[in-house]
């Protein structure tokens, strides 16, 4: 049966810029604290107070997968992720070049590419993000939540208009 | 791993750089951060050294747990002999600098000498470079940081910088990182300026291997749950530190018009809710930001809502800015607080000192000790918002007689202003008091009187003393890890047992400062937050080193004693008003005029205060003059200081 799959949803407006997600990601995957190893990175515009976490979108038509010359990147249907077979990977970094999000990284210590694997279904960044900037939810629910937010805004606007 | 982080000795006069490991036995004895800095300062400075001379070592560090998988370990500590007090100088800030320094390979820097021309130090993956700062000198704190990034062509570089105030050798100049994080106290930015050191920049991609990664991760989760479930931190994460203002002002603990009153009346525009409203209006519903790895996120983002600075972005304003630009000068406008907060951030001055000293000058103006002639016609009156903000600028750039005098700190300025100006100066050891009024809270009064870096609320304040916790709850907290069966009292106006609470907090805060953890993550504002027992596990999972709670306590006691030894060497005496463990006479002579029924009319009873100091000294193993007894030094392993082990 085809799995609809959960996705990592980022609500950038909620991000406090603390970068705890980067730290726990690196510790979970590599046993080391080092943002250079993190699969998720918080981009900052400090003078505007704007912080935006960026990670792999597990694209349906994934450029990294399409471009890999040795077929090291494939789709994991169970988790609905795009994953790398490190044994096949030749470290050419073509995937790094084509990823529109910069979510494919190259580790200069291990000389390997790496990306988000959703921690095999229990993403630690989500677990540690107390403010709910990161969520791991069913792909189909994402738009419903957005519908609801938009509807709430409309309702408040309506109430205000009635009060006038 | 954290144990691989190095110490670097950098001589700016000669350009020599010496990088060394930090031995495990040093970690066992001092842990790191502020504690190890105290050891380094005591060992690398000579008695009576000129705080602005090349021999004063500027020590910069991250805590032992900084950048490990432990919660809220973002603190950077800076230490040197203070140009403001002539005693211990020490400042601590959050942000992202210390972790970056750790990923760049370093935990401690000892910076000596003086560069011929403005320079900055660049730490990068185990390497250190001293670089020309001529294009950065003169810039504000934020512009300096962005200029360094542009020059190094790396937007991930984190820097700690001094602002124009530090360059101008203003003795209340701070060290800044990011937009708001400030190592404010005791003039550490001035020491940077004196060395022609504009900044220390760091960028690192080196691993900090975690000893037991999965255990560290799980324990961190537990830790965070404990911290974020505390009501005080939830409030903190919504309103930031201004939330303290509401309660404190309503019972009468905010000094107003310098020290004339203990409550700021009719101040709706500077209440935390109003400031939060402005943050929401200008930055939206999610306007809180956090330091590295911290889930308390107490720093609000705002844009100045009106006036000449309308639309300018900054962060904070914290509780201190409310007092410095609100209560103390009796200015009651949110805009003034937000602008004042922005100016000190940009110029690089301690907001607490600025607000406190200007309010003092306002009282002197009222008393006729300072006149229009001294102020170049500026009406330095309480409640004059424009004069307040103008004075911030004059201090930063040493303009005019009053601005230039205040730039040297309160005690030096009192000698210029003359008459009885010193009597009005609310300070301990040459450092201004926070805007809190401790006349109704003896425990807090003892804390500011005995704090090692001069009047200070972050060295030993038993803030939970205000919560009227039952004695058995207090005993549970204060008997761990060292048993205490002496008296305790739930009453905040009492003197009983307070000496022990202050002693306990002094060790608790030293321990977090050694670890690099923020004080909002321990027994400071919340009674249920982690301390000694919990830290043993965090240390073990992250570094693999085993400590018992008692050992951490011992380290804290040892490091506090080192700070005391430094102060004694530089002239600390018990009752000295300029360099002692003594409060301004107004604490004893002027009763509180406002506040709650149990606060109004209160003042510090001098006899009981002296008895409290006696008890405090006894807990610390000091004699009646505040000098450590020989057996105390022996027990703490400090009999042979300076021992020059590192």
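Residue numbers (the numbering used here), protein chains in the order written: chain G, 1 to 164; chain V, 1 to 646.
We put the beta carbon where it would ideally sit given N, CA and C, even for glycine.
Bear in mind the structure is a predicted one, so any value in this text is a computation, not a measurement.
Using beta-carbon distances, residue 13 of chain G counts as an interface residue toward chain V, with a partner under 7 angstroms. By the neighbour-count criterion, in which 16 or more other beta carbons inside 10 Å mark a residue as buried, residue 598 of chain V falls on the exposed side. Among the bridge pairs identified by DSSP, residue 199 of chain V is matched with V/120 and V/161.
Taking a C-beta cut-off of 8 angstroms against chain V, the contacting residues of the stretch 31-57 of chain G are 31, 32, 33, 34, 35, 36, 37, 46, 47, 48, 49 and 51, listed in chain order. Look at residue 19 of chain G: its C-beta is under 7 angstroms from a C-beta on chain V.
Of the candidates V/284, V/270, V/204 and V/294, V/294 places its Cα closest to the Cα of residue 236 of chain V. Judged by DSSP in its simplified three-state form, residue 106 of chain G adopts strand.
Under DSSP, residue 77 of chain V shares a beta bridge with V/61 and V/92. At a cut-off of 7 angstroms between beta-carbon atoms, residue 228 of chain V makes contact with chain G. Of all residues in the stretch 62-75 of chain V, the ones placed with a Cβ closer than 7 angstroms to any Cβ belonging to chain G are 67, 68 and 69, in chain order. Distance from residue 462 of chain V to residue 501 of chain V at the Cβ level is roughly 4 angstroms; contact confirmed, criterion being Cβ atoms closer than 8 angstroms. Interface annotation for the stretch 191-212 of chain V against chain G: 205, 206, 207, 208, 209 and 210, criterion Cβ-Cβ distance under 8 angstroms. Residue-level contact by beta carbon fails for residue 113 of chain G and chain V, as no gap is shorter than 7 angstroms. Within the stretch 107-135 of chain G, the complete beta strand (DSSP E) segments at least 3 residues long are 112-114, listed from N- to C-terminus. Taking 7 angstroms as the cut-off, the beta carbon of residue 341 of chain V is found closer than this to the beta carbon of residue 317 of chain V. Taking one beta carbon from each stretch, the stretch 560-576 of chain V and the stretch 20-29 of chain V have fewer than 3 pairs nearer than 8 angstroms; the two do not touch. Sorting V/622, V/203, V/246 and V/506 by C-alpha distance to the C-alpha of residue 268 of chain V places V/246 at the top. Between the alpha carbons of residue 473 of chain V and residue 492 of chain V lies a distance of about 15 angstroms.
Collapsing the DSSP output to three states places residue 29 of chain G in a helix.
Proximity of chain G to residue 286 of chain V at the Cβ level (cut-off 7 angstroms) is accounted for by 13 and 14, in chain order. Secondary structure at residue 313 of chain V: strand, using DSSP grouped into helix, strand and coil. The Cβ of residue 292 of chain V sits closer than 7 angstroms to at least one Cβ of chain G. By a beta-carbon distance limit of 8 angstroms, residue 206 of chain V contacts residue 105 of chain V. Their separation comes to about 5 angstroms. In the structure shown, residue 159 of chain G falls within a helical segment according to DSSP collapsed to helix, strand and coil. Remark: fewer than three beta-carbon pairs, one from each stretch, lie closer than 8 angstroms, so the stretch 3-14 of chain V and the stretch 39-55 of chain G are not flagged as touching.
Within 10 angstroms of the beta-carbon of residue 585 of chain V lie fewer than 16 other beta-carbons, which makes it exposed.
At least one C-beta of chain V is nearer than 7 angstroms to the C-beta of residue 27 of chain G. Using a CB distance below 8 angstroms, the part of the stretch 85-110 of chain G facing chain V consists of 108 and 109, ordered along the chain. The way I'd put it, the stretch 219-232 of chain V doesn't touch the stretch 115-130 of chain V; fewer than three beta-carbon pairs between them come closer than 8 angstroms. Residues of the stretch 162-185 of chain V whose Cβ lies closer than 9 angstroms to any Cβ of chain G, in chain order: 178 and 179. Each of V/232, V/214, V/141 and V/212 was checked against the Cα of residue 200 of chain V, and the nearest Cα belongs to V/141.
With 16 or more other Cβ atoms from the protein chains shown falling within 10 Å of its own Cβ, residue 87 of chain V counts as buried. For residue 321 of chain V, not one C-beta of chain G is nearer than 7 angstroms to its own C-beta.
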